[in-house]
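Report on the structure given below.
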Ligand code: SER
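Residue numbers (the working numbering): 39 to 359.
Printed below as a string of structure tokens:
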């Protein structure tokens with residue numbers, strides 16, 4: 039049985055990945071780690087270590103202590119926070135990747151998952167049905183780190199045979215753990231505010247279309263790419279991945295079907311420029327061909343599930359994180 043370490047397990051995607059992998063592999067085979075104990079569910083549902091993704095020796099010690107063979111590196115500073123702290127974003131996003139890639143190169147671990155993002159694209163990229171291979175001139179620090187990271191993943195695979203796998207996540211929408219510091223975060227906040235305030239002031243303009251995906255699909259894609267035989271993974275930088283694309287106006291309309299008195303206002307801030315530099319939709323044919331990726335949730339199904347789960351969460355005594 040493979041033994042897994044998740045770095046950044048308290049975050050939006052890391053927390054759900056931890057839960058799913060613990061269900062599949064057994065909790066003792068999935069070590070979660072993060073820089074604090076804030077996500078009590080992750081901390082209490084199996085082995086947990088405090089780990090700074092920037093600290094090579096700490097990662098190595100943790101891997102040796104738990105006999106880890108596979109690492110999911112989910113720690114990163116996202117696009118909006120990255121613009122406020124460019125050097126910190128570079129430091130965290132790049133050094134954590136080098137640490138994990140070098141441990142794989144040394145043979146300490148066998149397999150790596152590292153997420154890339156639609157942020158690798160920029161204003162010169164074709165924005166509709168963005169192809170797998172295209173112009174990439176990202177304008178955010180986050181996008182630069184992800185693009186450079188992709189090149190290094192490909193390099194470590196070709197030069198050293200490292201089994202690293204990656205997908206370019208679109209904006210991920212989920213109800214369990216809040217995202218933090220991203221430009222696509224509005225599409226999560228809007229559901230929370232629809233339930234608590236019946237009103238949301240959006241930091242993007244009404245017709246800003248971005249590629250998005252429900253968490254269930256994102257987790258499924260992650261498990262699928264990691265399960266695929268190595269020879270099926272033909273792209274070792276990162277795969278385009280798509281599910282749905284919508285604008286703030288369209289997500290608001292889908293919420294109104296469930297909460298008729300929901301109101302939305304628009305107050306674009308610095309994140310508008312980031313969103314405008316990203317694609318509207320993504321062509322993910324290659325992922326569908328190489329490892330049989332397909333999404334399940336459309337906007338209406340996702341809205342129904344989000345509202346159902348969040349209404350339950352807010353009406354129970356459970357803390358909303
Ligand atoms: N969700 C990310 C962000 O908005 C994009 O990968 O920064």
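Backbone N, C-alpha and C define an ideal beta-carbon position, used for all residues, glycine too.
No experiment lies behind these values; they were computed from the predicted model shown.
Residues with C-beta closer than 6 Å to any heavy atom of the ligand SER, in chain order: Around the ligand SER, the residues whose beta-carbon falls short of 6 Å from at least one of its heavy atoms are 116, 117, 155, 156, 157, 180, 207, 209, 220, 221 and 222, given in chain order.
Collapsed DSSP secondary structure at residue 278 in the structure displayed: The sequence position of residue 278 within the chain shown is 240, counting from 1. Note: residue 278 maps to strand in three-state DSSP.
Check your understanding: Quick one: what's residue 49 bridged to in DSSP?
Key -> Position 11 of the chain shown, counting from 1, holds the residue named residue 49. According to DSSP, residue 49 bridges with nothing at all.
- C-beta contact flag for residue 106 and residue 147 at 8 Å: Start at 1 with the first residue of the chain shown, and residue 106 comes out as number 68. Start at 1 with the first residue of the chain shown, and residue 147 comes out as number 109. With contacts defined as CB atoms closer than 8 Å, residue 106 and residue 147 qualify as a contacting pair.
Check your understanding: Rounded to whole angstroms, how far is the Cβ of residue 175 from the Cβ of residue 308, which I believe are closer than 8 Å?
Key -> Position 137 of the chain shown, counting from 1, holds the residue named residue 175. Position 270 of the chain shown, counting from 1, holds the residue named residue 308. Going by Cβ atoms, the distance from residue 175 to residue 308 rounds to 19 Å, so no, they are not a contact pair.
Self-check item: DSSP-derived helix/strand/coil call for residue 289
Solution: Here residue 289 corresponds to residue number 251 of the chain shown, with the count starting at 1. Here residue 289 sits in helix by DSSP.
- Query: Roughly how many angstroms lie between the CA atoms of residue 127 and residue 181, to the nearest whole one?
  - Reply: Residue mapping note: residue 127 aligns to position 89 of the chain shown, counting from 1. Residue mapping note: residue 181 aligns to position 143 of the chain shown, counting from 1. Put simply, the backbone Cα of residue 127 is about 10 Å away from that of residue 181.
- Task: Excluding the 5 residues preceding and the 5 following residue 329 in the sequence, name in chain order all residues of the same chain whose CB lies nearer than 6 Å to its CB.
- Result: Mapped onto the chain shown, residue 329 falls at position 291. So the qualifying residues of the chain are 262, 263, 266 and 270.
For this session: Please name the residue, chosen from 259, 91 and 51, that lies closest to residue 77 on a Cα-to-Cα basis.
Result: By one-based count along the chain shown, residue 77 stands at place 39. Comparing Cα positions, the closest option is 51.
- Item | Rounded distance between the beta-carbons of residue 313 and residue 221, thought under 8 Å | As a first step, residue 221 must be located in the chain shown, where it is residue number 183. As a first step, residue 313 must be located in the chain shown, where it is residue number 275. The pair is a contact, with the Cβ atoms about 5 Å apart (cut-off 8 Å).
* **Cβ neighbours of residue 348 in the same chain (closer than 7 Å, five flanking residues each side left out)** => Start at 1 with the first residue of the chain shown, and residue 348 comes out as number 310. Counting only Cβ-Cβ distances below 7 Å, and skipping sequence neighbours, we find 213, 229, 230 and 233.
**Item:** the region 330 to 343 / the region 279 to 297 touching (three or more Cβ pairs under 8 Å)
**Value:** Yes, since at least three Cβ pairs between the region 330 to 343 and the region 279 to 297 fall closer than 8 Å, the two stretches touch.
- Query: Among all the DSSP beta bridges, which residues are the ones paired with residue 201?
  - Reply: Residue 201 sits at position 163 when you count from the first residue of the chain shown. In the DSSP output, where bridge partners are listed per residue, residue 201 has 149.
| said: On the criterion of 16 or more Cβ atoms from any shown chain inside 10 Å, does residue 364 qualify as buried, or is it exposed? | reply: Lying outside 39 to 359, the shown extent of the chain, residue 364 is not represented and no answer is given.
Residue 200 and residue 158: beta carbons closer than 8 Å? The residue you call residue 200 lines up with position 162 of the chain shown. The residue you call residue 158 lines up with position 120 of the chain shown. For residue 200 and residue 158, no; Cβs fall outside 8 Å.
On a Cα-Cα basis, can you pick out the residue from 138, 325, 196 and 298 that is closest to residue 345? Numbered from its first residue, the chain shown carries residue 345 at position 307. Out of 138, 325, 196 and 298, 298 has the C-alpha closest to the C-alpha of residue 345.
Look at residue 324 and residue 185 and say whether their C-beta atoms are less than 8 Å apart.
Sequence index remark: in the chain shown, residue 324 carries index 286 (1-based). Sequence index remark: in the chain shown, residue 185 carries index 147 (1-based). In terms of Cβ geometry, residue 324 and residue 185 do not form a close pair [threshold 8 Å].
- Query: How about the region 189 to 198 and the region 237 to 249: do they share at least three Cβ pairs that are nearer than 8 Å?
  - Reply: A contact between stretches requires three or more CB pairs, one per stretch, nearer than 8 Å, and the region 189 to 198 fails this requirement with the region 237 to 249.
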